[in-house]
Amino acid sequence: MSTPAPLGDAAPMSDPVPPLGDAAKPMGGPGTRARDREPLDRRFARAVQTVTGRSLGPYQTAIVRIGFSLTWLLFLLRELPFRHELYGPDGPWSWEMARRLIADNRAFTVLMWSDGRLWFELVYGIAVLSAVLLLVGWRTRAVSVVFMVGVLSLQNRSVFVGDGGDNVLHLAALYLVLTRCSQVWSLDARRAAREARAARAGEPPRQDRVGPLLWIVLGGFLLATTWFSEVTGEWWLPVLLWVLWLGNGLWWLVRRYAAEEPRTLLDALANLAHNAALVVIMAEVCLIYATAGWYKIQGSRWQDGTALFYPLNLDYFTPWPALSELLGTSGVMVMVLTYGTVIVQVAFPFTLFHRKVKNVLLVAMMLEHAGIAVLLGLPVFSLAMISADAVFLPTPFLVALGAWVVRGRDRLLGRPPAGTLPEQRLTGEEHGPRTLVG
Amino acid sequence: MDAYVEKDAADADGDRPAPPADPLTGAPGTSSPIPPADRANTGIMALSLPYQVVLAVALAVVGVFACLHLAMVFLHVAPSNTLTKQHGQAVDDWVYPEFEQNWKLFAPNPLQQNISVEVRAELAVPDGARRTTGWIDLTAQDIEAIRHNPMPSHAQQNELRRAVDFYLNSHSDDDTPSGLRGRLSEEYMRRIAMLRLDALPVLAGPDGRALTGEVRRVQLRAVTRAVPPPRWSSEKIDTAPSYRDLPWWPVTDADRPTGSDRSRTEAGR
Numbered sequence: 009m010s011t012p013a014p015l016g017d018a019a020p021m022s023d024p025v026p027p028l029g030d031a032a033k034p035m036g037g038p039g040t041r042a043r044d045r046e047p048l049d050r051r052f053a054r055a056v057q058t059v060t061g062r063s064l065g066p067y068q069t070a071i072v073r074i075g076f077s078l079t080w081l082l083f084l085l086r087e088l089p090f091r092h093e094l095y096g097p098d099g100p101w102s103w104e105m106a107r108r109l110i111a112d113n114r115a116f117t118v119l120m121w122s123d124g125r126l127w128f129e130l131v132y133g134i135a136v137l138s139a140v141l142l143l144v145g146w147r148t149r150a151v152s153v154v155f156m157v158g159v160l161s162l163q164n165r166s167v168f169v170g171d172g173g174d175n176v177l178h179l180a181a182l183y184l185v186l187t188r189c190s191q192v193w194s195l196d197a198r199r200a201a202r203e204a205r206a207a208r209a210g211e212p213p214r215q216d217r218v219g220p221l222l223w224i225v226l227g228g229f230l231l232a233t234t235w236f237s238e239v240t241g242e243w244w245l246p247v248l249l250w251v252l253w254l255g256n257g258l259w260w261l262v263r264r265y266a267a268e269e270p271r272t273l274l275d276a277l278a279n280l281a282h283n284a285a286l287v288v289i290m291a292e293v294c295l296i297y298a299t300a301g302w303y304k305i306q307g308s309r310w311q312d313g314t315a316l317f318y319p320l321n322l323d324y325f326t327p328w329p330a331l332s333e334l335l336g337t338s339g340v341m342v343m344v345l346t347y348g349t350v351i352v353q354v355a356f357p358f359t360l361f362h363r364k365v366k367n368v369l370l371v372a373m374m375l376e377h378a379g380i381a382v383l384l385g386l387p388v389f390s391l392a393m394i395s396a397d398a399v400f401l402p403t404p405f406l407v408a409l410g411a412w413v414v415r416g417r418d419r420l421l422g423r424p425p426a427g428t429l430p431e432q433r434l435t436g437e438e439h440g441p442r443t444l445v446g
Numbered sequence: 301m302d303a304y305v306e307k308d309a310a311d312a313d314g315d316r317p318a319p320p321a322d323p324l325t326g327a328p329g330t331s332s333p334i335p336p337a338d339r340a341n342t343g344i345m346a347l348s349l350p351y352q353v354v355l356a357v358a359l360a361v362v363g364v365f366a367c368l369h370l371a372m373v374f375l376h377v378a379p380s381n382t383l384t385k386q387h388g389q390a391v392d393d394w395v396y397p398e399f400e401q402n403w404k405l406f407a408p409n410p411l412q413q414n415i416s417v418e419v420r421a422e423l424a425v426p427d428g429a430r431r432t433t434g435w436i437d438l439t440a441q442d443i444e445a446i447r448h449n450p451m452p453s454h455a456q457q458n459e460l461r462r463a464v465d466f467y468l469n470s471h472s473d474d475d476t477p478s479g480l481r482g483r484l485s486e487e488y489m490r491r492i493a494m495l496r497l498d499a500l501p502v503l504a505g506p507d508g509r510a511l512t513g514e515v516r517r518v519q520l521r522a523v524t525r526a527v528p529p530p531r532w533s534s535e536k537i538d539t540a541p542s543y544r545d546l547p548w549w550p551v552t553d554a555d556r557p558t559g560s561d562r563s564r565t566e567a568g569r
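Sequences listed follow chains A and B, in order. Counting along the first sequence from 1, when you hit position 6 you're at 14 in the working numbering, and nothing is skipped either side. Counting along the second sequence from 1, when you hit position 244 you're at 544 in the working numbering, and nothing is skipped either side.
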């Protein structure tokens with residue numbers, strides 16, 4: 009799978025991409041009914057144009073990017089005092105033990121390149137930095153790869169300290185690499201918009217030095233990965249990294265020197281990879297809930313409505329014993345929550361065909377995870393799951409959320425409310441229904 | 301999935317904002333509207349035939365690959381079935397190690413016991429004799445760290461909990477390790493125990509008297525206590541603890557934590 013795209017660049021078009029809505033909208037047609045009567049081959053052609061012409065879900069992929077990078081950042085900062093015990097060369101799961109296990113399972117971690125203390129600190133530091141940069145969307149195409157390497161390296165180094173949250177983050181880090189997740193809400197998008205404005209004004213494009221420099225530095229890292237591919241990682245991982253690296257280089261060349269068509273082709277290939285990865289992420293979330301729900305149905309405790317009572321009485325998951333005790337006293341309450349959990353999890357994948365019901369269940373799941381964060385003491389797990397759920401949030405809500413955040417930021421920084429950015433306020437009020445089902 | 305995209309799209313039509321000019325802020329701006337599809341400047345319609353062929357091939361490859369990947373992941377999380385009985389190895393080869401996943405969260409039944417790990421150590425005391433400490437509850441240390449902690453560390457919540465799980469899963473009932481993983485899990489348990497013992501200010505004998513000397517051997521045991529049934533339930537469950545004693549293990553230098561920075565500090569908890 010190749011994803012040629014600029015180093016950290018947002019959508020290569022002159023304008024940022026419109027929200028998800030536009031992509032599947034019948035183009036020029038009056039509505040869905042007209043499309044139903046359309047011949048099959050034209051509908052197929054339109055679908056092909058959609059998946060090659062646009063990177064769908066710009067707001068959804070951006071919120072997923074922000075969610076997971078924030079999760080990982082908070083986790084890494086929280087574990088700073090424990091980083092040696094969890095992942096360091098002399099932790100209980102020692103470097104040598106990890107080496108023996110990885111020789112067997114072939115997981116990828118750059119921490120196997122050296123057992124040095126300094127190397128460990130460097131990798132941890134880069135993982136923190138990559139999380140910050142991915143959060144703000146700086147050179148996302150490159151940074152998302154570094155982020156993935158950081159996640160895989162630390163998690164695969166000590167597989168026995170993770171939980172479900174680490175698992176979902178691990179998968180998301182892999183899939184995000186293939187997406188254009190910085191089309192909105194990112195420094196990349198801001199830069200792209202600035203360049204587009206300059207181009208329209210007839211100014212010559214500014215020389216980009218950071219992109220090529222980053223590319224060269226990562227090229228050195230890639231050589232190291234190839235060199236150590238005997239030690240760690242399966243064969244496809246270096247191949248994927250090479251394809252991404254060469255693709256980015258090719259994109260840079262094509263943008264500068266080639267004609268219109270090769271550029272459009274590479275852009276279409278990047279769209280294709282993005283859209284496929286987006287579908288895979290959505291399907292993964294469905295698989296998570298389907299698996300969680302359908303296995304629960306088979307359990308006697310979920311059937312008799314007491315399942316929730318037990319985690320509330322496990323020592324490892326009761327940071328607030330009084331609160332857990334309180335919730336566990338009411339048999340009816342426990343049963344309602346137990347049954348509700350199963351119903352929501354089993355039903356969720358099917359509700360995707362009905363937008364409003366889907367949104368209601370989405371709210372229910374996010375609230376449940378927020379509850380788990382506090383009640384079971386699993387905030388990182390919960391934040392990771394909420395980030396995954398966010399891929400299904402409706403575009404109008406996300407747009408309103410963005411406008412609301414901007415308003416908050418402006419108020420905080422004491423910027424004039426309507427002076428510098430008058431359009432933003434307009435967005436929030438005119439286009440931004442505040443409710444999820446709006 | 302496509303159906304979802306279209307649903308969202310259809311609903312979004314009503315109040316969809318204009319394309320943002322400043323995408324950081326999500327605000328609409330001065331940018332020109334996206335050109336209609338008839339005059340597409342992106343995607344397959346903007347290409348000439350040879351390029352269209354290349355893109356069509358790529359579309360087919362990406363489509364097949366994505367479907368294959370999802371099928372493999374599905375078979376990985378599904379129960380054992382006709383297909384996985386025949387092609388389980390192919391699924392495993394595809395999924396492990398990077399796409400491994402387990403979503404049986406509290407399923408089919410949630411854990412209904414509290415399992416704690418206790419350790420006692422045999423010390424070589426200065427007069428040349430060997431003395432044994434009382435049982436020290438390592439899990440209790442974790443629980444204390446988790447109490448009233450809004451964000452427990454993996455070192456407190458997962459390390460020991462999953463280590464003992466790993467040990468029990470990779471050993472037979474008579475503590476015979478199964479392969480590499482079994483041997484690794486023994487070493488892991490020993491190293492965790494030594495790390496925790498090292499962090500204690502003092503080791504005491506069963507009589508409560510402080511002992512000094514080097515730890516030569518350790519023994520661990522897993523104590524399982526069933527969660528008592530809820531008040532409204534008529535179930536009778538034996539809540540007496542059951543003990544599983546692991547063998548005495550000699551402690552080698554490889555099991556000892558080196559350097560003071562590695563011991564868990566009170567400040568970090």
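Yeah, the Cβ is synthetic: ideal placement off N, Cα and C, and Gly gets one too. Since the structure is predicted, the reported quantities are computational estimates derived from the model, not experimental observations.
From the options, residue whose alpha carbon lies closest to that of residue i
i      : options                        : result
A/R91  : A/I110, A/A115, A/R125, A/A111 : A/R125
B/A510 : B/R431, B/R544, B/D475, B/Q352 : B/R431
A/L64  : A/V287, A/V413, A/I74          : A/V287
B/R517 : B/P379, B/W549, B/Y488         : B/W549
A/T69  : A/L94, A/L143, A/V340          : A/L143
B/P350 : A/L261, A/D418, A/L273, A/M343 : A/L273
A/N175 : A/V293, A/A378, A/A53          : A/V293
A/P357 : A/T403, A/P329, A/A300         : A/A300
B/T439 : B/L468, B/A522, B/P530, B/G428 : B/A522
Residue burial classification, residue i (beta-carbon count within 10 angstroms, cutoff 16)
i      : result
A/E87  : buried
B/K536 : exposed
A/G29  : The predicted position of A/G29 is uncertain, since its pLDDT is 39 and thus under 50; a value taken from the coordinates is nonetheless stated next. Label assigned to A/G29: buried.
B/E459 : buried
B/T552 : exposed
A/N265 : The question names Asn, yet the displayed sequence has Tyr at residue 265 of chain A. Classification of A/Y265: exposed, given that the 10 Å Cβ count is below 16.
Close beta carbons around residue i, own chain, < 8 Å, minus the five adjacent residues each side
i      : result
A/L386 : D171, G173, F325, I380
B/W403 : V377
B/M301 : For B/M301, the predicted structure reports a pLDDT of 36, less than 50, and the residue's modelled location is therefore unreliable. A value from the coordinates is still provided. Result list for B/M301: empty, nothing under 8 Å.
Proximal residues of chain B, C-beta to C-beta of residue i below 7 Å
i      : result
A/F155 : Within 7 Å Cβ-Cβ: nothing; A/F155 doesn't reach chain B, min ~15 Å.
A/Q57  : A337, A340, G343, I344, M345
Minimum Cβ-Cβ distance from residue i to chain E less than 9 Å
i      : result
B/I537 : In the structure shown, chain E does not exist; the protein chains are A and B.
is_contact[residue i, chain B] using C-beta, thresh 9 Å
i      : result
A/D323 : yes
A/H377 : no
A/F52  : no
A/L386 : yes
A/G422 : no
A/S138 : no
A/G124 : no
A/N175 : yes
Partners in chain B for residue i, counting only beta-carbon separations shorter than 8 Å
i      : result
A/W235 : Correct list: empty, because the minimum Cβ distance to chain B is about 20 Å.
Cutoff 9 Å: residue i Cβ touching any chain A Cβ
i      : result
B/P541 : no
B/H387 : no
B/H454 : yes
B/A504 : no
B/S533 : yes
Chain A residues whose Cβ lies nearer than 9 Å to that of residue i
i      : result
B/Q441 : Neighbours of B/Q441 on chain A: none; closest Cβ ~11 Å, over 9 Å.
B/I446 : D323, Y324, F325, T326, P327, G385
Close beta carbons around residue i, own chain, < 6 Å, minus the five adjacent residues each side
i      : result
B/T376 : According to the sequence provided, residue 376 of chain B is His. The question's Thr does not apply to it. Within the same chain, B/H376 has close Cβ partners V391, V395.
A/L141 : V151
A/N283 : V59, L64
B/G482 : S470, H471
B/Q456 : D442, A445, I446
Contacts of residue i in chain A (Cβ-Cβ under 8 Å)
i      : result
B/I492 : P100
B/L480 : R108, L109, D112
B/E572 : This structure cannot speak to residue 572 of chain B, because chain B is shown only from 301 to 569.
B/L411 : Y318, P319, L322
Cutoff 7 Å; reference residue i; Cβ partners in own chain excluding five residues on either side
i      : result
A/L179 : E292
Residue i CB to nearest heavy atom of the ligand ATP below 8 Å
i      : result
B/E444 : Looking for the ligand ATP in the displayed structure turns up nothing, as the structure carries no ligands at all.
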